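Asks:
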Amino acid sequence: MLVKLKAQDYAVNNGVEAKTLTLSGHPGLVIVDYLNSHPHDLVVLGHRGLSNIQALLMGSVAYKVANLAPCAVLIVK
């Protein structure tokens, strides 16, 4: 039986320090505000793969964070 692990459980089981936060507000801005007040070397974000037109019309969290974050950003598809 295959058990799907949460990202934090996976990280801890593989020796990576990780913590989970629950914040509210516009995702891109909340992430950038958090990064401005809590320094990090790298933030890793997933990307849903919207088309360029969809991302332009709806906005992209990954795009906003990549352009405003004070640290390196890795966007994973």
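Be aware that the sequence shown starts at 51, since it is given in our numbering, and climbs by one per residue. Heads up, the beta-carbon is just placed ideally off N, CA and C, and yes, glycines get one too. This one's a predicted model, so the numbers in the text were calculated from it and none came from an experiment.
1. Under the three-state reduction of DSSP, which class applies to Ala116: helix, strand or coil?
2. Bridge partners for Leu124 per DSSP, in chain order?
3. What does the alpha-carbon distance come out to for the pair Val80 and Ala61?
4. Secondary structure at Gly65, three-state DSSP: helix, strand or coil?
5. In its own chain, which residues sit with a C-beta less than 8 Å from the C-beta of Leu124, not counting the 5 before and 5 after it?
6. Alpha carbon to alpha carbon, how far is Tyr113 from His97? Give it in angstroms, no decimals.
Replies: Concretely, from the data shown:
1. As a first step, residue 116 is located in the sequence shown; it is residue number 66 there, counting from the start. Looking at Ala116 - three-state DSSP - the assignment turns out to be helix.
2. Here residue 124 refers to the residue found at position 74 of the sequence shown. Beta-bridge pairing links Leu124 to Val94.
3. On the sequence shown, residue 80 is found 30 positions in, with the first residue counted as 1. On the sequence shown, residue 61 is found 11 positions in, with the first residue counted as 1. Using only the alpha carbons, I get a separation of about 23 Å.
4. If you number the sequence shown from 1, residue 65 lands on position 15. Reduced to three states, the DSSP call for Gly65 is coil.
5. As a position in the sequence shown, residue 124 is number 74, starting the count at 1. So the list reads Leu92, Val93, Val94 and Leu95, once near-sequence residues are dropped.
6. Taking the first residue of the sequence shown as 1, we reach residue 97 at position 47. Taking the first residue of the sequence shown as 1, we reach residue 113 at position 63. Approximately 9 Å, taken between the alpha carbons.
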